[in-house]
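Chemist:
Number of protein chains: 2
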Amino acid sequence: MELYIDRNALGRTLAGIQGIVERRSTTPVLSHTLIHARPQGLRMTATDTEVAFIGELPANVEAPGEIAVDANNLFQVVRNLSDPTVHLKVGSGSRLEVRCGPSHYRLPGIPAEDYPPLPAFDAKGSATMKSSDLRRLVDQVVFSVATDDARYGLNGAHLEDQGDGRVRMVATDGHRLSAADAPYEGTLAMTPRMLVPRKALGVLRKLLDGPEEDLEVGFGDGAIRLVRPGQTLWFRLLDGEFPDYKAVLPQECKHRVRIDRNRLGASLKRVGILVQERSRAVRFAFEDGEGTIQVHNVDRGEVTEKLPVELEGDAITVGFNVRYLQEILSVIDADHVELELSHALGPCLVKGQGDEDAFFVVMPMRLD
Amino acid sequence: MELYIDRNALGRTLAGIQGIVERRSTTPVLSHTLIHARPQGLRMTATDTEVAFIGELPANVEAPGEIAVDANNLFQVVRNLSDPTVHLKVGSGSRLEVRCGPSHYRLPGIPAEDYPPLPAFDAKGSATMKSSDLRRLVDQVVFSVATDDARYGLNGAHLEDQGDGRVRMVATDGHRLSAADAPYEGTLAMTPRMLVPRKALGVLRKLLDGPEEDLEVGFGDGAIRLVRPGQTLWFRLLDGEFPDYKAVLPQECKHRVRIDRNRLGASLKRVGILVQERSRAVRFAFEDGEGTIQVHNVDRGEVTEKLPVELEGDAITVGFNVRYLQEILSVIDADHVELELSHALGPCLVKGQGDEDAFFVVMPMRLD
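Residue numbers (my numbering), protein chains in the order written: chain A, 6 to 373; chain B, 6 to 373.
1. What beta strand (DSSP E) runs, 3 residues minimum, are completely inside the stretch 116–182 of chain A?
2. Since A:Y329 sits in a beta bridge, which residues does DSSP pair it with?
3. Between which two residues does the beta strand (DSSP E) containing B:Q299 stretch?
4. With B:F364 and B:L372 assumed to form a contact (beta carbons below 8 Å), what rounded beta-carbon distance in angstroms separates them?
5. Quick one: any contact between the stretch 45–58 of chain B and the stretch 327–342 of chain A, if contact means 3 or more CB pairs under 8 Å?
6. Under a CB-based cut-off of 8 Å, is B:R305 close to chain A?
7. Could you tell me which of B:E190, B:L206 and B:R283 sits nearest to B:A176, measuring between CA atoms?
8. Determine the extent of the alpha helix (DSSP H) in which B:N78 is found, giving its start and end residues.
9. For the stretch 103–120 of chain B, enumerate the residues whose C-beta is nearer than 8 Å to any C-beta of chain A, in chain order.
10. Going by DSSP, what residue range makes up the alpha helix (DSSP H) through A:V336?
11. Run through DSSP, which three-state label would A:L35 get?
12. Closer than 8 Å, Cβ to Cβ, to anything on chain B: give me those residues from the stretch 73–85 of chain A, in chain order.
13. Under 8 Å by Cβ, that's how I've got A:N78 and B:R275 pegged, so tell me the actual separation to the nearest angstrom.
14. Taking the runs of the beta strand (DSSP E) that are 3 residues or longer, which of them lie wholly in the stretch 204–256 of chain B?
15. Can you say whether B:A125 is buried or exposed, counting buried as having 16 or more other CB atoms within 10 angstroms of its CB?
16. My output table needs one value for A:I264: the three-state DSSP class, helix, strand or coil.
17. Name the residues in the stretch 309–330 of chain B whose C-beta lies less than 7 Å from a C-beta of chain A; which are they?
18. Report, in whole angstroms, the separation of the C-beta atoms of A:S131 and A:E246, which I expect to be a contact under 8 Å.
19. State the start and end residues of the unbroken beta strand (DSSP E) segment that holds A:L8.
20. Does B:S108 come out as helix, strand or coil in the three-state DSSP assignment?
21. Taking a cut of 9 Å between CB atoms, which residues from the stretch 249–276 of chain B lie near chain A?
22. Counting only Cβ pairs nearer than 7 Å, list the residues of chain A close to B:S36.
23. Applying a beta-carbon distance threshold of less than 7 Å, which residues of chain A neighbour B:I278?
24. For A:L273, does the three-state DSSP call read helix, strand or coil?
25. What is the rounded straight-line gap between the Cα of A:T297 and the Cα of B:Q81?
26. If contacts are defined as beta-carbon pairs under 8 Å, then A:G324 and A:A286 qualify, I think. What distance do you get, rounded to the angstrom?
27. Here's the rule: buried if 16 or more other CB atoms are within 10 angstroms of the residue's CB, otherwise exposed. What is A:E292?
28. Which one or two residues does DSSP pair with B:H92 in a beta bridge?
29. Beta-carbon within less than 6 Å of B:V253's beta-carbon, same chain only, minus the 5 sequence neighbours each way: which residues are those?
30. Tell me, please, whether the stretch 198–212 of chain A touches the stretch 12–29 of chain A by the rule of three or more beta-carbon pairs shorter than 8 Å.
31. Using the Cβ count rule (16 or more neighbours within 10 Å means buried), how would you classify A:S108?
32. Assign B:P181 to buried or exposed, taking buried as 16 or more other Cβ atoms, counted over all protein chains shown, within 10 Å of its Cβ.
33. Considering only DSSP beta bridges, list what A:M368 is partnered with.
34. Which residues bound the beta strand (DSSP E) around A:E315?
35. Rounded to the nearest angstrom, how far is the Cβ of B:D362 from that of B:A187, given a contact under 8 Å?
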């Protein structure tokens, strides 16, 4: 194997796959990336067997061949090289020789035949989505995915066909819920269990940076494949039961509060300084015209913030985990947010005013 | 106590003292800053009893008084306030009330009489130095100070009057040494043990950011005091014996190597990727015209870098800890560096070409 390739293109691809390879796996080959020089260019593969990435890079290939090398090692080397073109060659003893300007590396490799084969993918349906739409879905939902919850179905984001050419992504950890909708074109072949694992969401989100483009999303048996020019991402779906989230949505709105999003965000940041680390509880008292936000920390003091609100319904006092509200505010794209409550201990619906593409639910906390 | 003060000025002073107060001290009052409102303004004091800082801030004082409050708590509060003016007032129960725009904090305080008194300072000599000079001394020396070494005298930077209107700061951890000189005006009253502790160097360095100004340096009994407009820094000297560092300077130069500083820095960064974490050993082979830098890592591969050098004397092969050389290169302000060696296992002198204000010594490593 021997080829010449652009340093920056190689570096960008290596940066993208750092989130996929397992650095401390019991299977050392999973920390490697498979480098495959073909007449048409360089193919790079990375997988942890749950998520897989294939990138096609233009390269001047002098001799085809393949080898697997440690992905992090190669990334550190490539990002610091001095010259714009990198010369890669497989040397004796399964070593990848990297030459660039004054530098000559010999990195240990693993024969390509020891690299795990990627599973076959049989698309049952295929749709097209805008990259900006998919990026928004991930951003609005990922923070509500549970972390290593014993309720296995909470550890991923649930996909649901809304039937009107829109797909919904939903996640909940039992304390808060995110739901976001976006349009697609084509056919979704949804099975009842469409749970995208947290790690895949992270890898996907990284891939979606960059200019707007159309993505091809394929739905297979327990797996999803995403194709963009030169890159393919494949991930296995989680095998778990997502709860019936519609049952926790508030059934009626007795109190509707409208608040300037930036002012609320600034107030939450200031009261957040004094929250108790464990509960992160903040007390909200909404009256017509004025909201009062309070934190009382026995060791570090207390704080009261006032801010203007519009209230429909009776005055209400309610407690929230400040971080949950902050995470929601950070992904709402509207000047005002609306909170809808039926009572002080029932689920609270949060939406950007006039935004029909996403909603959030936060469970209040009992105030002492 | 009641006053109005500029939020940004208060925030900057609080930022500066975060490195002094002890956040996990067994004496809780040492995590506090003493706030003293006087007719002429606000005085803020912070100390860990080894280092002390006094800042004078303009303020509109309505009622004099004083209270000690947790310095980190107050800093987090002040940096997030919304409006340019802050209203401070001591309320009931030794609480500091902080009002600003929509925010009202009540922070627990400690009565001023429980705050430790600062030690008296009796200046035996006083000199004036430029802030840029003192900043350079600290930057060029601080990384060579030992960390918690059993040889107590290595845990600080040694000050020495050079007798020609110049003062030298020296530090060594036994593996490398830094020495930097700068001019002063006035009288230094040096005692044999002038060891500035590592923490004081850090606090001092932070204080020295900003525009050029003249600093008044006073030398007292086991302590140094630094005065700049509106700020006083006091620190206790370490009571330890600094070694006779001149004994380890190379006595003759049999090999002099001259290298472009930026090229050497880039090469060290690239070979540094593969150094063994424990030894960080790098092999240098200098011949006339060409230097070769090599690292061999049994797990992660090997790398060879070539770069142009000028050599006076015979070819030589020598090993160094790559980090020691990198730290020296980062504080040398010259286009070329010079390495002077008498033999491969003797101390190596490193200087910026044409720079007579600083020199460094690195002990080579035995190569396998």
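Backbone N, C-alpha and C define an ideal beta-carbon position, used for all residues, glycine too.
Modeler: This is what the structure holds:
1. 130–135, 161–166 and 171–177
2. The residue given as residue 329 of chain A occupies position 324 in the first sequence. According to DSSP, which records beta bridges pairwise, A:Y329 is partnered with nothing at all.
3. Sequence index remark: in the second sequence, residue 299 of chain B carries index 294 (1-based). Element bounds for B:Q299: G294 to N302.
4. Taking the second sequence and counting its residues from 1, one reaches residue 364 of chain B at position 359. Taking the second sequence and counting its residues from 1, one reaches residue 372 of chain B at position 367. The Cβ separation is near 25 Å, so there is no contact.
5. no
6. As a working mapping, residue 305 of chain B is identified with position 300 in the second sequence. Output row for B:R305: interface = yes.
7. The count along the second sequence starts at 1 and reaches residue 176 of chain B at position 171. Among B:E190, B:L206 and B:R283, the Cα nearest to that of B:A176 belongs to B:L206.
8. Against the second sequence, residue 78 of chain B aligns to sequence position 73. Note, B:N78: alpha helix (DSSP H), A76 to R84.
9. P107, S108, H109, Y110, R111, L112 and P113
10. In the first sequence, residue 336 of chain A corresponds to position 331, counting from 1. A:V336 -> no alpha helix (DSSP H), and no H or E assigned at all.
11. In the first sequence, residue 35 of chain A corresponds to position 30, counting from 1. Reduced to three states, the DSSP call for A:L35 is helix.
12. D75, N78, Q81, V82 and N85
13. The residue labelled residue 78 of chain A in the question sits at position 73 within the first sequence. The residue labelled residue 275 of chain B in the question sits at position 270 within the second sequence. Actually they do not touch by this definition, with Cβ atoms about 13 Å apart.
14. 219–224, 228–233 and 236–241
15. Residue 125 of chain B sits at position 120 when you count from the first residue of the second sequence. By the neighbour-count rule (16 or more Cβ atoms within 10 Å), B:A125 is not buried but exposed.
16. Taking the first sequence and counting its residues from 1, one reaches residue 264 of chain A at position 259. A:I264: strand per DSSP, three-state reduction.
17. T309, E310, K311 and L312
18. In the first sequence, the residue the question calls residue 131 of chain A occupies position 126. In the first sequence, the residue the question calls residue 246 of chain A occupies position 241. About 26 Å separates the two Cβ atoms, so there is no contact after all.
19. Counted from its first residue, the first sequence places residue 8 of chain A at position 3. E7 to D11 is the extent of the beta strand (DSSP E) around A:L8.
20. Sequence index remark: in the second sequence, residue 108 of chain B carries index 103 (1-based). Three-state DSSP puts B:S108 in a strand.
21. R268, A271, S272, K274, R275 and V276
22. For this step, residue 36 of chain B is matched to residue 31 along the second sequence. Per Cβ cutoff of 7 Å: no residues; B:S36 is ~11 Å from chain A at best.
23. Numbered from 1 along the second sequence, position 273 holds the residue referred to as residue 278 of chain B. The contacting residues are Q81, V82 and N85.
24. Taking the first residue of the first sequence as 1, we reach residue 273 of chain A at position 268. Residue state, collapsed to three classes: helix.
25. Here residue 297 of chain A is taken as the residue at index 292 of the first sequence, counted from 1. Here residue 81 of chain B is taken as the residue at index 76 of the second sequence, counted from 1. So the two alpha carbons sit approximately 21 Å from each other.
26. Against the first sequence, residue 324 of chain A aligns to sequence position 319. Against the first sequence, residue 286 of chain A aligns to sequence position 281. Indeed they touch by this definition, with Cβ atoms about 5 Å apart.
27. The count along the first sequence starts at 1 and reaches residue 292 of chain A at position 287. By the neighbour-count rule (16 or more Cβ atoms within 10 Å), A:E292 is not buried but exposed.
28. Position 87 of the second sequence, counted from the first residue, corresponds to residue 92 of chain B. According to DSSP, B:H92 bridges with B:Y9 and B:R104.
29. In the second sequence, the residue the question calls residue 253 of chain B occupies position 248. Excluding sequence neighbours, B:V253 sits near P352.
30. yes
31. By 1-based counting over the first sequence, the position of residue 108 of chain A is 103. Classification for A:S108: buried.
32. Position 176 of the second sequence, counted from the first residue, corresponds to residue 181 of chain B. Residue 181 of chain B is actually Arg in this sequence, not Pro. It counts as buried.
33. Counted from its first residue, the first sequence places residue 368 of chain A at position 363. Paired residue(s): none; A:M368 is not in a bridge.
34. For the purposes of this step, residue 315 of chain A is taken as residue 310 along the first sequence, with counting starting at 1. First-last of the beta strand (DSSP E) with A:E315: G306 to E317.
35. For the purposes of this step, residue 362 of chain B is identified with residue 357 of the second sequence, where counting begins at 1. For the purposes of this step, residue 187 of chain B is identified with residue 182 of the second sequence, where counting begins at 1. Confirmed, Cβ separation roughly 7 Å.
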